[in-house]
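Colleague: Protein chains in written order, with this note's numbering: chain A, 1 to 532; chain B, 1 to 192; chain C, 1 to 460. Beta carbons are placed, not taken as given, at the ideal position from N, Cα and C, and that holds for glycine. Small disclaimer: the values here were computed from a predicted structure and weren't measured. Quick one: the structure is below, questions incoming.
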Amino acid sequence: MSDHLSADIVVIGSGIVGSLAAHRLVSQGASVLILEAGPRVDRGHIVAKFRNSPRKNDFMSPYPPSAWAPHPVYQPVDNDYLVQAGPYPYKAEYIRMVGGTTWHWAAQAWRILPNDLRLKTLYGVGRDWPISYDDLEPFYYEAEVKMGVSGAPNTGSPRTRPFPMQPVAESFLEQRFRERLAPGGYEVVTNTTARNSRNYDGRPACCGNNNCMPICPIDAQYHGGLAADAAEQAGAKLIANAVVYRIEHDDRGRIAAVHYYDPDKVSHRVTGKTFILAANGIESPKLLLLSASHRYRKGLANSTDMVGRHLMDHPSNSLTFDAEEELWPGRGPMSPSSINALRDGAFRSEHAAFRIDISNSSQVLSVTQALIANGVYGAELEKRIRYHAARQCSLKNVLEILPDPDNRVVLSERKDAFGIPKPEVHYAMNDYVHRGMAAARDEYTRIAQLMGGTNLRYSPDGVYGNNQHITGTMSMGNDPKDSVVDAFGRTHDHENLYIASTGVMPTAATVNSTLTAVALALRSADHIHANA
Amino acid sequence: MTPSPTPGTGHAAPDPTRRLVLAGILASYVSSFIPWSSSHAQARATAPVTAPDSFLNVSRLITGRATLDAMQAARLYAGLVAAVPLFSAQLTALAAFAASNASTADQLQASLDAARAPFAKLPGVIATAWYVGVAGSGAAAHCVTYETSLMNVVVADHLKPPSYAYGPYGSWSSNPLGTTLTAPLKATLKAA
Amino acid sequence: MKFRRRLGAVLIASFGFAMTVHAAEDALIKRGEYLAKAGDCIACHSAPQGKPFAGGLSLATPLGNIVSTNITPSKTNGIGNYTLEQFAAALRGGVRADGQLLYPAMPYTSYALVSDDDVKALYAYFMQGVAPVNVSPPQTALPFPFNVRVSMAAWNLLFLDSRPFTPDPSQSVEWNRGAYLVKGLAHCSTCHTPRNALMAEETSASLGGSVVGTWYAPNISSDPTSGIGPWSEADIVAYLRTGHVVGRAQAAGPMAEAVDNSFRHLDDRDLRAMAVYLQSTPAVHHAADRRPPYAWGGRKASVDEVRGEPLPEDANRMSGPQLYDAYCASCHQVHGEGAGQGIDGPGLPSLFHNTALGHTNTNNLVMVMLEGVHRQASAPDVLMPAFGRLLSDQQIATLGNYLLKEYGNPNASVTAEQVKILRAGGEASPLITIARASLIVAGLLLLAVLLLLMRRRKRS
Numbered sequence: 001m002s003d004h005l006s007a008d009i010v011v012i013g014s015g016i017v018g019s020l021a022a023h024r025l026v027s028q029g030a031s032v033l034i035l036e037a038g039p040r041v042d043r044g045h046i047v048a049k050f051r052n053s054p055r056k057n058d059f060m061s062p063y064p065p066s067a068w069a070p071h072p073v074y075q076p077v078d079n080d081y082l083v084q085a086g087p088y089p090y091k092a093e094y095i096r097m098v099g100g101t102t103w104h105w106a107a108q109a110w111r112i113l114p115n116d117l118r119l120k121t122l123y124g125v126g127r128d129w130p131i132s133y134d135d136l137e138p139f140y141y142e143a144e145v146k147m148g149v150s151g152a153p154n155t156g157s158p159r160t161r162p163f164p165m166q167p168v169a170e171s172f173l174e175q176r177f178r179e180r181l182a183p184g185g186y187e188v189v190t191n192t193t194a195r196n197s198r199n200y201d202g203r204p205a206c207c208g209n210n211n212c213m214p215i216c217p218i219d220a221q222y223h224g225g226l227a228a229d230a231a232e233q234a235g236a237k238l239i240a241n242a243v244v245y246r247i248e249h250d251d252r253g254r255i256a257a258v259h260y261y262d263p264d265k266v267s268h269r270v271t272g273k274t275f276i277l278a279a280n281g282i283e284s285p286k287l288l289l290l291s292a293s294h295r296y297r298k299g300l301a302n303s304t305d306m307v308g309r310h311l312m313d314h315p316s317n318s319l320t321f322d323a324e325e326e327l328w329p330g331r332g333p334m335s336p337s338s339i340n341a342l343r344d345g346a347f348r349s350e351h352a353a354f355r356i357d358i359s360n361s362s363q364v365l366s367v368t369q370a371l372i373a374n375g376v377y378g379a380e381l382e383k384r385i386r387y388h389a390a391r392q393c394s395l396k397n398v399l400e401i402l403p404d405p406d407n408r409v410v411l412s413e414r415k416d417a418f419g420i421p422k423p424e425v426h427y428a429m430n431d432y433v434h435r436g437m438a439a440a441r442d443e444y445t446r447i448a449q450l451m452g453g454t455n456l457r458y459s460p461d462g463v464y465g466n467n468q469h470i471t472g473t474m475s476m477g478n479d480p481k482d483s484v485v486d487a488f489g490r491t492h493d494h495e496n497l498y499i500a501s502t503g504v505m506p507t508a509a510t511v512n513s514t515l516t517a518v519a520l521a522l523r524s525a526d527h528i529h530a531n532a
Numbered sequence: 001m002t003p004s005p006t007p008g009t010g011h012a013a014p015d016p017t018r019r020l021v022l023a024g025i026l027a028s029y030v031s032s033f034i035p036w037s038s039s040h041a042q043a044r045a046t047a048p049v050t051a052p053d054s055f056l057n058v059s060r061l062i063t064g065r066a067t068l069d070a071m072q073a074a075r076l077y078a079g080l081v082a083a084v085p086l087f088s089a090q091l092t093a094l095a096a097f098a099a100s101n102a103s104t105a106d107q108l109q110a111s112l113d114a115a116r117a118p119f120a121k122l123p124g125v126i127a128t129a130w131y132v133g134v135a136g137s138g139a140a141a142h143c144v145t146y147e148t149s150l151m152n153v154v155v156a157d158h159l160k161p162p163s164y165a166y167g168p169y170g171s172w173s174s175n176p177l178g179t180t181l182t183a184p185l186k187a188t189l190k191a192a
Numbered sequence: 001m002k003f004r005r006r007l008g009a010v011l012i013a014s015f016g017f018a019m020t021v022h023a024a025e026d027a028l029i030k031r032g033e034y035l036a037k038a039g040d041c042i043a044c045h046s047a048p049q050g051k052p053f054a055g056g057l058s059l060a061t062p063l064g065n066i067v068s069t070n071i072t073p074s075k076t077n078g079i080g081n082y083t084l085e086q087f088a089a090a091l092r093g094g095v096r097a098d099g100q101l102l103y104p105a106m107p108y109t110s111y112a113l114v115s116d117d118d119v120k121a122l123y124a125y126f127m128q129g130v131a132p133v134n135v136s137p138p139q140t141a142l143p144f145p146f147n148v149r150v151s152m153a154a155w156n157l158l159f160l161d162s163r164p165f166t167p168d169p170s171q172s173v174e175w176n177r178g179a180y181l182v183k184g185l186a187h188c189s190t191c192h193t194p195r196n197a198l199m200a201e202e203t204s205a206s207l208g209g210s211v212v213g214t215w216y217a218p219n220i221s222s223d224p225t226s227g228i229g230p231w232s233e234a235d236i237v238a239y240l241r242t243g244h245v246v247g248r249a250q251a252a253g254p255m256a257e258a259v260d261n262s263f264r265h266l267d268d269r270d271l272r273a274m275a276v277y278l279q280s281t282p283a284v285h286h287a288a289d290r291r292p293p294y295a296w297g298g299r300k301a302s303v304d305e306v307r308g309e310p311l312p313e314d315a316n317r318m319s320g321p322q323l324y325d326a327y328c329a330s331c332h333q334v335h336g337e338g339a340g341q342g343i344d345g346p347g348l349p350s351l352f353h354n355t356a357l358g359h360t361n362t363n364n365l366v367m368v369m370l371e372g373v374h375r376q377a378s379a380p381d382v383l384m385p386a387f388g389r390l391l392s393d394q395q396i397a398t399l400g401n402y403l404l405k406e407y408g409n410p411n412a413s414v415t416a417e418q419v420k421i422l423r424a425g426g427e428a429s430p431l432i433t434i435a436r437a438s439l440i441v442a443g444l445l446l447l448a449v450l451l452l453l454m455r456r457r458k459r460s
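What follows is the structure, given as structure tokens:
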């Protein structure tokens with residue numbers, strides 16, 4: 001063992017959630033140390049890796065994992081890091097590098113709806129949150145200012161102050177969807193995103209690179225790399241390539257230190273007063289389980305066996321079709337607008353709610369690969385590439401799966417290069433999801449009709465995509481019997497251990513989780529500061 | 001003034017004497033001597049060998065283009081040879097087949113499938129090289145071109161290849177049929 | 001009754017008179033405000049995020065930092081007690097109300113040309129149109145001997161021409177207006193004219209280009225190759241108003257500030273007058289310049305050469321095309337052609353036919369990579385990010401040389417040493433050493449003379 005590193009606040013994980021919590025605390029005068037398992041990365045290198053990639057539709061290809069901090073890789077060969085116990089696959093992608101997974105997101109930065117926090121009371125399904133929307137509202141705004149968020153005015157999420165900037169300019173495709181769907185009763189809404197519609201925070205406005213995933217080449221969208229940088233600029237110390245493998249407690253159950261390996265597997269011990277675990281919804285429960293001790297045999301923060309349980313995501317189905325007019329997707333941001341009508345309602349007692357996402361990603365690559373696979377060559381190939389690239393549209397949903405204690409993350413018997421047990425996921429779908437997916441399919445059909453769509457191609461029944469919105473595994477609640485952290489993100493079992501993650505969300509809601517996780521983390525940071 | 005970036009705090013990449021890294025270096029050094037190995041990095045450092053006529057003829061058939069950029073053809077050929085097992089032999093066979101059947105692009109695949117040719121997959125491989133810019137598949141797949149890949153050239157009046165700015169903020173709001181992006185991307189140098 | 005009517009009439013008349021006076025005062029203040037914009041007083045006399053004209057901006061000069069003063073009408077911390085004469089003396093003569101001399105970082109050598117009428121208007125604006133701020137900025141403290149302001153008297157004797165502007169009767173009204181603005185309030189020569197060893201403007205090379213700390217203020221004489229000779233009047237006006245002309249140049253650094261704070265506020269007539277004058281200045285030619293700086297380069301792409309190549313382990317060994325691919329091509333595009341220029345604004349500029357890559361002095365190319373291009377609200381979408389934190393000195397040198405060969409003037413070059421110096425704020429001036437050495441030498445001479453005299457005395 002070597003080094004004696006110490007700080008008031010030790011943050012495990014430098015993703016957007018951990019870094020923004022760190023930034024808040026260091027700006028208020030605390031000494032803050034961030035430990036990141038993976039390496040530092042440079043935006044230019046990621047851009048070059050993308051352009052040099054032979055698999056440009058694989059958003060993980062510019063982010064090869066390091067040997068000491070592996071993350072799941074599925075293409076071209078599955079690296080079997082995230083062990084799938086089934087019955088349903090949970091093939092989440094995440095990035096263990098400084099800045100974390102939001103290097104390759106589409107910057108969707110929605111607030112959840114007030115009703116999303118009261119599913120049990122209102123609809124008799126799922127569970128209620130231990131806080132109200134109003135508790136979260138001021139922290140939502142703080143997060144929106146920090147990240148540079150804009151959106152349409154009427155999304156159903158109340159706000160006390162306007163967005164920091166105007167919504168991003170619509171592409172032609174969006175305009176036509178909006179115009180053609182209105183007579184059908186659909187309101188097409190510009191997405192709430194952390195994407196600049198003007199110069200903001202020293203970063204340029206969007207220039208339509210249409211590459212949000214896997215990397216915005218110009219930082220027009222906010223991401224964890226910027227958050228980590230801001231935390232460091234404000235005085236936080238960040239140690240990269242530091243794989244935390246054990247959280248150490250004292251005999252009163254308070255956290256005393258964490259231990260990490262450097263890439264040469266030399267162990268280092270870091271002490272602190274308060275610890276924030278922010279290593280995403282899979283790596284965080286893994287670490288808690290790994291830290292089992294004589295006194296805490298089931299792992300830390302796990303006296304009631306809730307750690308890792310209630311694993312959720314937003315499964316997706318989709319429809320691809322050819323619109324009847326030339327729209328040319330690929331001009332502007334990749335994921336610019338939605339239909340929000342089915343995010344809430346009495347039907348939630350019966351089937352899942354969802355948001356419908358209208359894609360504006362360039363279709364050129366997928367169209368070309370499909371045509372070549374069908375043996376189309378020559379002038380005909382070029383003609384059809386143009387024809388379909390101009391018209392092919394894609395709809396998908398972001399659907400709310402309910403918390404099920406048997407959907408969970410556990411430690412696998414298989415180990416990584418450092419001998420650390422890999423995470424293993426147990427996951428299943430149920431009829432609540434399938435009925436929701438069927439309802440979504442009906443909506444897609446109606447939307448395609450309104451767009452004069454032909455050549456409709458639905459995703460296979462029962463086969464849903466994973467959106468890596470890793471929620472539920474360390475749920476917040478008032479009752480320790482069914483939760484891991486309290487309303488402030490503080491673990492019930494250890495008074496100086498907080499969790500800042502999408503993993504604390506007790507239900508998934510129907511929008512991407514990042515802004516909510518950041519708001520919760522800022523609220524936790526506020527609590528830490530007040531009780532320092 | 002911002003100082004010249006120094007390596008960030010934190011631990012550096014592993015000690016270069018670690019066995020794994022050494023093995024890796026050794027492997028790529030050795031494989032640089034094998035022209036048809038799946039290691040491709042060394043093949044690019046010098047100017048690629050000119051593509052043979054068989055490749056150019058077959059490429060013209062598959063792309064339907066009478067003229068193809070010679071440098072691009074050479075790069076794609078070198079990439080295919082490195083990434084696709086038995087490429088040269090299969091190419092020769094395909095060229096002969098196409099010549100003897102007076103194949104056209106429209107019936108090429110059908111006739112290959114009907115004849116159960118062992119090289120039936122090759123046109124798709126070559127088309128992928130020209131249009132998608134990728135040689136080979138699976139773990140051996142290698143990107144040879146991107147901006148000059150024909151799929152991007154074919155739509156360049158309306159779209160940029162993803163990751164390139166479309167234009168200043170808001171420029172994507174216009175009707176694409178009323179606007180054209182300035183001069184489409186041209187491949188480099190002379191025609192084949 | 002008569003008396004009342006008369007009183008009423010007098011009151012109305014005096015009220016009307018007061019209104020007229022008010023209106024006249026308002027008009028004078030407004031004119032003063034316009035002239036203050038022409039002189040760009042705010043650029044130096046305001047600190048970033050500070051109150052307007054309250055001073056506090058630290059100007060890095062080769063002699064050390066000179067901090068601008070509070071010129072709000074505060075009676076305790078500003079110029080609130082200045083008379084018109086004292087204001088004029090400071091503005092045109094470089095003398096403070098307390099008799100101390102100003103450093104010529106305040107361009108009083110240019111403002112010396114401002115007319116009496118304009119001084120009056122400026123005075124009215126600064127006394128009545130600016131909010132007083134009762135806070136003093138830090139004092140300027142230059143190293144010896146420059147902290148002794150009396151040394152400025154000798155400098156002024158040599159270099160201050162305090163004659164007011166006299167129009168040239170052989171030239172048009174428009175030309176004279178342009179000359180008055182360019183040589184006076186707009187003080188273009190302060191940056192664009194090279195300076196001699198004593199830091200005074202070299203009038204023989206007027207507007208011939210000069211390095212101001214780090215950024216290079218180009219040759220804007222009428223020379224057809226080295227200067228802006230081929231620029232049309234419309235080009236010059238557009239550049240001053242917007243800070244960009246497609247196919248020529250875009251403003252960055254201090255010139256971007258000058259456009260944002262000053263030139264874009266001037267009316268069309270004044271900008272045209274300045275253009276007319278600028279087209280007539282004596283040509284200053286540099287033999288090294290073979291083409292106008294905007295005339296270099298063309299569409300070219302090298303990305304195919306590196307496509308599919310993995311990046312080297314050591315980032316300092318990335319090649320020019322690799323650096324371009326990773327950091328520049330997203331906006332400036334594969335052929336260096338940029339995108340969307342001239343639709344609603346400058347768009348994403350082309351790299352060829354761009355003075356940024358055409359000048360023989362490559363400071364601006366380096367500076368724009370280090371600091372980017374930042375404009376204020378008048379150009380809301382103009383933003384080139386800074387790359388100083390992403391790229392090392394070596395990478396900027398490699399990239400700079402690649403860009404010059406590929407899209408610009410292949411005879412110009414960038415070195416890593418140059419990048420390092422520019423990051424640090426520019427070359428240190430030898431002037432301090434020279435001045436101190438000269439004083440020591442002078443002192444020794446004086447001592448020698450004294451000793452000689454004493455010896456003589458002893459003998460006699």
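#1: For chain A, is any of its Cβ atoms less than 8 Å away from the one on Ala-252 of chain C?
#2: Which residue marks the beginning of the alpha helix (DSSP H) containing Trp-175 of chain C, and which one marks its end?
#3: Is there contact here, the segment 270-279 of chain A with the segment 308-324 of chain A, by at least three beta-carbon pairs under 8 Å?
#4: Please list the residues of the segment 316-332 of chain A that have a C-beta atom closer than 7 Å to any C-beta atom in chain B, keeping them in chain order.
#5: Could you spell out where the beta strand (DSSP E) holding Phe-146 of chain C opens and where it closes?
#6: Which residues does DSSP list as the beta-bridge partners of Lys-396 of chain A?
#7: Cα separation between Val-211 of chain C and Leu-365 of chain C?
#8: Short of 8 Å in beta carbon distance, which residues of its chain neighbour Asn-81 of chain C, apart from the five on each side in sequence? Order them along the chain.
#9: Taking buried to mean at least 16 other C-beta atoms within 10 Å of its own C-beta, is Met-384 of chain C buried or exposed?
#10: Have a look at the DSSP bridge pairing and note the partners of Thr-368 of chain A.
#11: So which residues on chain A does Leu-108 of chain B lean against when the C-beta distance must stay under 9 Å?
#12: Within the 8 Å Cβ cut-off, does Asp-344 of chain C reach chain B?
#13: For His-187 of chain C, which of C:Ser-136, C:Lys-300, C:Ser-262, C:Gly-129 has the nearest alpha-carbon?
#14: What whole-angstrom Cβ distance do Gly-345 of chain C and Pro-168 of chain B have, given they're in contact under 8 Å?
#15: Using DSSP bridges, identify the partner residues of Leu-383 of chain C.
#16: Kindly list, in the order they appear in chain B, the residues whose Cβ is closer than 9 Å to that of Gln-392 of chain A.
Modeller: Let me lay it out:
#1: no
#2: 173-180
#3: no
#4: Glu-326, Trp-328, Gly-330, Arg-331, Gly-332
#5: Counting along the chain, Phe-146 of chain C falls outside any beta strand (DSSP E), and DSSP gives it neither H nor E.
#6: A:Ser-318, A:Asp-357
#7: 13 Å
#8: Lys-75, Ala-97
#9: buried
#10: Paired residues: none, contrary to the question.
#11: Gly-375, Tyr-377, Gly-378
#12: yes
#13: C:Ser-262
#14: 7 Å
#15: C:His-374
#16: Ordered by position in chain B, no residue passes the 9 Å Cβ test against Gln-392 of chain A, which lies about 12 Å from the chain.
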